[in-house]
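If you count by the working numbering, then the sequence shown holds residues 176 to 890, one letter each, in order. Where a beta carbon is used, it is the ideal one built from N, C-alpha and C, also for glycine. For reference, the structure discussed in these notes is given below.
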Amino acid sequence: MASKLERAVAIYRSLRYEETEYENILSLGIGMKEEQEIARDGLKSGEWVQIKQLSENTYGFVPVVDVDLKKLAVFAIRVGVEAKRAANILSRGDEIVLQAIMARGANYAQNFVLAACTSNRRAWEHSLSVLGMLALKLVHKMNLPLPESVEYMKDWSAASAILLGREKKDYNFDESFVLEKEEVLRRFLEHIELGISLGIAATGPFSKVFLWGAENQLFSTEAAKNYVFEALQIAKRPGDRKAWLEILDKIGWTEEEIVSDAENLIPLLGLGESPVLERFAPILIEKVSEELLSPVLISCTSAKGNKVKKLILNSVLKREKPNAEEDYAEWLSLYLQDEDKSIVNLAGKVGKSWGISPEKEECKKELRGLWRKTPTLWEVPRFSLGNVSLESLTDLAAVLSERKECVEDIVFERFIAMANQIAYQNPEEARMSLVGIPNNDAGGLWSLKSWAKKIEKNMLQDRKESVWIEGKEMIKTRYYTLLYMRREFLFHTMGQWPCLLSTPSYEDLSICPEDLVERLSLYRAENILYVSEPDLQLALTRLNLENLTEEELQKYRGTLQNIDLKILLPSGELLKDEEEREVLLGAVLSGYLQDSYVEPAFTPGETPYWRIELKQPESLRLLPDRFSDGYAKLFSIFPNWGDFALTAVHRDSEVYHGQGIILRQIARRRKPLSKGALMNWIAVFGNLSDENAGDALKANQEAWERGLLLPSFAD
């Protein structure tokens, strides 16, 4: 029997697409209604190419079907495949593709633009993506609303910089298919305002295009300054603020304007970034009113480098003595206690000039050399969602959106459990609470925002690849990691699950068997026919079986083996065994209680933390093996394990963003830190960034108070 793809290709051939010149295929028909349905069904999913060995040392992509894939993609668009599928199957944009998409209407085109402009289809962070020009032409030709998408704006910036002569042509710039300069200028201001509001990186081409607009008077100098000032407030990266300051200098901003905006600049001074302080601090210190002087000076104490500190103090010396000089004693004492003698001397000059004599605090000698008694081991609290409401959900989303890395800790688990519960009861209310997730979110919620805004978005799928093992070609599936797939699959199916199986029972992220039984009973009561495979797998790895007696294990096995739910894979297919029979959950669970994951040996100093070798139990052999990567997240996957699961605790030369949050979660463990983890825990504090220091120090205090740090254990 022919496959769905082969039947679709047969219809494609029967309509003479293959022998017709590419430039003329839009004049061809798309078949009868029944033929369109068959073609659409065969083209809506699946791979059209596969990786094969072409010669002894060469691998390449080979079509699955022997047709012109460029023509087949246009045919697929015309017969009705979804916009995100169209973006996946297209390798380039051209006039034929443009016309085919335009014929599908404005809504389809908007969805296509969002699916086409993605980071994984551009060579460099700020270069034009493969389908970027096509997306831009759709927006301008069809006069579509500008998509609130950072990736779309990256494409607009890259293309505009080339078209306006500010950048050289890059790899994906095809001169035969470009947006006209007049079209760029027609909606130029709209794009600038959108880019500013989205916080587009000023280190890329956007700032060059912005400056071109200012120099060519597409907006006034006053408007340009307002845009830059807004960008400075929104920017999250120091490099972006530095770039905007350089643009500001090119546009021209007088000292009088800087002083008039002093109240708005004070928060920027508090960031402690040298370029910002060097640009604004001297002017503000010397010229602001006495009413604003104190807040300006306090904000400037964020300065880290000695050069900037000296600049600040020298600027203070140029100012006359304030009326309430005693109010500045505490501020000045910070500089008098500095480690650098030259700064202390400068601070002394300020004190003499202003008549300030701060009292020196007496140094209290601490008693050293005595251990405090180790606190008793704590009892881990039960996991709680707290107040389940739309307001709470929005607050949790705001906390996670501020993170620079997705960390599956107790806060993240509380958020997704609450989001799932509200979405299951009322999807529209959940969407209203989640639609405000920022476009530049780095906390792992980007896909959820797409769900909230009802935007079609591609989910990375496990894929089959051709590999050669001992001279034989074999097909191997590359599976995405467990936490990533659990998150992405949930965010694409939000509102379909009565509860999450992987929600922790306790704050250490562990799950007790009775909670798992209760959740599965809820699925059956709600007439849900299957469970999510990644959600199930994470529930099993978090399951705490350590203290169960053989009698208790047998009791749970008897309860679970009768559960007839099926297992849904992210591909949309149900899990099947070697004989193509659908696998029932009860058999998997019953087997797992007898044959669960076993923590491998971990020898500190010998076992490399960057490579994990984790054997999948025979009881789970039919499930995807999602442990090929992701060593740093094992603390969240196996909360009941020791050193092997605590590889996220290590001293890094480049400290990762989530380090402090990860340590806070590890400080919620049920058992004291094992030897290797404790050695690394101590080493972490020798290389802390400002970003992670607060959470790391809290984690250290919490771990001690909970009896998790045992003195002399790591010696």
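Here residue 450 carries a helix assignment [DSSP, helix/strand/coil].
If you draw a 10 Å sphere on the C-beta of residue 709, you find 16 or more other C-beta atoms in it, and that means buried. By the Cβ-count criterion, residue 299 is exposed, with fewer than 16 other Cβ atoms from all chains shown falling within 10 Å of its own Cβ. Taken through DSSP and simplified to helix, strand or coil, residue 204 comes out as coil. Non-local C-beta neighbours of residue 842 in its own chain, meaning closer than 6 Å and more than five positions away in sequence, comprise 874, 877, 878, ordered along the chain. Residue 375 sits in coil when the DSSP states are folded into three classes, being neither helix nor strand.
DSSP places residue 630 in no beta strand (DSSP E); its state is neither H nor E. At a Cβ-Cβ threshold of 8 Å, residue 694 and residue 676 count as neighbours. Of 744, 813, 650, the smallest CA-CA separation from residue 720 is found for 813. Nearest Cα to residue 215 within the set 227, 307, 225, 184: 184. Under the three-state reduction of DSSP output, residue 188 falls in the helix class. Three or more beta-carbon pairs separated by less than 8 Å link the segment 246-259 to the segment 270-277, which places the two stretches in contact. In the three-state scheme derived from DSSP, where H, G and I count as helix and E and B as strand, residue 757 is classed as strand. With 16 or more other Cβ atoms inside 10 Å of its own Cβ, residue 682 counts as buried. In the DSSP assignment, residue 859 falls outside any beta strand (DSSP E) and lies within the alpha helix (DSSP H) extending over 850-859. When beta bridges are read from the DSSP output, residue 741 appears opposite 705, 759. Taking each of 679, 405, 671 in turn and checking the Cα distance to residue 715, the smallest one comes out for 679.
With a 10 Å radius around the Cβ and a threshold of 16 neighbouring Cβ atoms, residue 396 comes out exposed. A Cβ-Cβ contact shorter than 8 Å links residue 660 with residue 801.
Contact check for residue 487 against residue 456 passes: the beta carbons are separated by less than 8 Å. Taking residue 742 as reference, the option from 846, 730, 726, 705 with the minimal CA-CA separation is 705.
With contacts defined by Cβ atoms closer than 8 Å, residue 330 and residue 351 do not form a contacting pair.
Straight-line spacing of the CA atoms in residue 868 and residue 489 works out to 31 Å.
The beta-bridge partner set that DSSP reports for residue 751 consists of 757. When DSSP states are grouped into helix, strand and coil, residue 729 belongs to the helix group. Per the Cβ contact rule, the segment 204-221 is in contact with the segment 254-267 (3 or more Cβ pairs under 8 Å).
In this chain, the alpha helix (DSSP H) harbouring residue 263 covers 258-264. Under the three-state reduction of DSSP output, residue 226 falls in the strand class. When C-alpha distances from residue 737 are compared across 550, 227, 696, 390, the shortest belongs to 696. Bounds of the alpha helix (DSSP H) holding residue 413 are 413-426. In this structure residue 467 touches residue 437 by the C-beta definition: roughly 5 Å separates them, less than 8 Å. Contact between residue 399 and residue 389 holds, since their C-beta atoms are separated by about 4 Å, short of 8 Å. Contact between residue 371 and residue 406 holds: CB atoms are separated by about 5 Å, below the 8 Å threshold. Contact between the segment 221-230 and the segment 181-196 is absent: fewer than 3 CB-CB pairs across the two stretches fall below 8 Å. Residue 281 sits close to residue 317, with the two beta carbons spaced by under 8 Å. Residue burial annotation: residue 854 is buried, with at least 16 other C-beta atoms found within 10 angstroms of its C-beta.
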